[in-house]
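Heads up, the thing below is written out as structure tokens.
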Amino acid sequence: MEKKSIPLFTERKRIVRSVPLLILMLCLSLCTCAMADSFDDDGMLRLVNREEKITKHYAPDDLVLPDVPTNKKGQKNSIYMRPEAAEALEELFAGALEDEYTLLAVSGYRSYSTQYALFQQKVESVGSKEAAQRTVAPPGASEHQLGLAMDLVSDTFRNLNRAFLETDEGKWVNDHCWEYGFIIRYRAEWSGVTGYKAEPWHIRYLGREHAQAVTELNIPYEEYAAQMRLLPEYVLTYGTAALFEGLYADLISGEYEMIEVLENSVFDAGSENNALQSVTVYYEERNTVTEDALTP
Ligand SMILES: [Zn+2]
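Here the sequence shown stands for residues 69 to 364, where the numbers follow the working numbering.
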């Protein structure tokens, strides 16, 4: 039987770097159709937390079962994801396997009612809602409801526990998940912003370029989303990591020159291509300066 071959990381990187700009130019010139807003419920950038809950009526209508091993038998029903995230998860697991690490999926999509039941169980065991929500998201506040998050463990460490980060597999996931479009959503140093202690086992899909930007900026997703949602949709859809990092730095320091270039092109039919290209080049050239500016 022929096996699907997965390119090595170095090859992946080269392909990933050269192809997106070409593809986006092609897409932009062909596709003028209305696209789902990235921050809408169905969008890849939807932020979900206790302040920004998702309605109990929301459920993705395109969930699929990723072809990956699970921690326990019979766990397949709990690892559904949106198609793009499922495919990326398969690649992540395959990438880990190339480095001889076996990852195991534990929990993907969870419905509002499942989250409700989980939360109630926790409330009963710890005695109050306050205490419960330190470790379990209340219903509507879990990004598992988006079908874009996965909890995972490995064959050498099978608990959803912070010590996962000390295992080779946990380190691998934390170092490499962005290459496949995922971020580590809850890190210890961000708990003041996210409201959660470290969860090195919980990964969230954002797509390759946004995941790289969030990882390189090294900020909680709340902070990234707060700035990125100010940008035009075509930028969010077709931009590169270098562009997002540059725009983020400018947004937080109140410099809007490049953002205006991108915004103005929306009103000038067909000019988004040029705007995106020129602003991307601007930030790629300014990249080292940006990195300096972000270092305290
Ligand atoms: Zn989780």
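No residue lacks a Cβ here, since even glycine has one placed at the ideal position from N, Cα and C.
C-alpha distance - residue i paired with residue j, whole-angstrom precision
i: residue 201; j: residue 187; result: 8 angstroms
i: residue 47; j: residue 273; result: The requested residue 47 is not part of the displayed model; the chain covers only 69 to 364.
i: residue 98; j: residue 340; result: The pLDDT assigned to residue 98 is 46, lower than 50, so where the model puts this residue is not dependable; a value taken from the coordinates is nonetheless given after this. Distance between the alpha carbons of residue 98 and residue 340: 12 angstroms.
i: residue 181; j: residue 126; result: 11 angstroms
i: residue 346; j: residue 310; result: 13 angstroms
i: residue 332; j: residue 299; result: 11 angstroms
i: residue 268; j: residue 114; result: 20 angstroms
i: residue 102; j: residue 338; result: Caution is warranted here: a pLDDT of 45 is assigned to residue 102, below 50, making its placement in the model unreliable, and the coordinate value is therefore given only provisionally. Rounded to whole angstroms, residue 102 to residue 338 spans 14 angstroms at the Cα level.
i: residue 328; j: residue 184; result: 43 angstroms
i: residue 350; j: residue 227; result: 45 angstroms
i: residue 171; j: residue 283; result: 21 angstroms
i: residue 208; j: residue 123; result: 6 angstroms
i: residue 245; j: residue 158; result: 12 angstroms
i: residue 307; j: residue 193; result: 46 angstroms
i: residue 121; j: residue 167; result: 38 angstroms
i: residue 354; j: residue 277; result: 18 angstroms
i: residue 343; j: residue 301; result: 13 angstroms
i: residue 293; j: residue 321; result: 16 angstroms
i: residue 100; j: residue 108; result: Bear in mind that the predicted position of residue 100 carries a pLDDT of just 42, short of 50, making it too unreliable to give a figure here.
i: residue 162; j: residue 335; result: 43 angstroms
i: residue 252; j: residue 243; result: 9 angstroms
i: residue 140; j: residue 156; result: 21 angstroms
Near ligand 1: residue i beta-carbon under 7 angstroms from a heavy atom
i: residue 175; result: yes
i: residue 185; result: no
Beta-carbon proximity list for residue i, same chain, < 7 angstroms, skipping 5 on both sides
i: residue 204; result: 186, 187, 190
i: residue 232; result: 221, 225, 238, 268, 269
i: residue 304; result: 106, 113, 296
i: residue 151; result: 130, 132
i: residue 160; result: 245, 248, 250
For residue j and residue i, believed in contact at Cβ under 8 angstroms, the rounded distance
i: residue 219; j: residue 174; result: 4 angstroms
i: residue 178; j: residue 212; result: 4 angstroms
i: residue 312; j: residue 296; result: 7 angstroms
i: residue 118; j: residue 314; result: In fact, because the Cβ distance is near 31 angstroms, the residues do not count as touching under 8 angstroms.
i: residue 240; j: residue 154; result: So it is not a contact: roughly 20 angstroms between Cβ atoms.
i: residue 116; j: residue 196; result: Not quite, the Cβ-Cβ distance comes to about 23 angstroms (not below 8 angstroms), so this is no contact.
i: residue 214; j: residue 128; result: 7 angstroms
i: residue 285; j: residue 316; result: 6 angstroms
Sequence-distant residues of the same chain with beta carbon closer than 6 angstroms to residue i, five excluded per side
i: residue 176; result: 147, 148, 149, 218
i: residue 275; result: 112, 249
i: residue 237; result: 169, 222
i: residue 137; result: 172
i: residue 319; result: 295
i: residue 135; result: 158
i: residue 271; result: 218, 245, 250
i: residue 280; result: 246, 309
Any non-hydrogen atom of ligand 3 within 7 angstroms of residue i CB
i: residue 296; result: This structure lacks ligand 3; the ligands present are ligand 1.
Cβ neighbours of residue i in the same chain (closer than 8 angstroms, five flanking residues each side left out)
i: residue 266; result: 230, 233, 254, 255, 256, 259
i: residue 144; result: 133, 138
Let me have the residue list for ligand 1: C-beta closer than 5 angstroms to any non-hydrogen atom, ordered along the chain.
Look at which beta carbons fall closer than 5 angstroms to any heavy atom of ligand 1; those residues are 219, 270.
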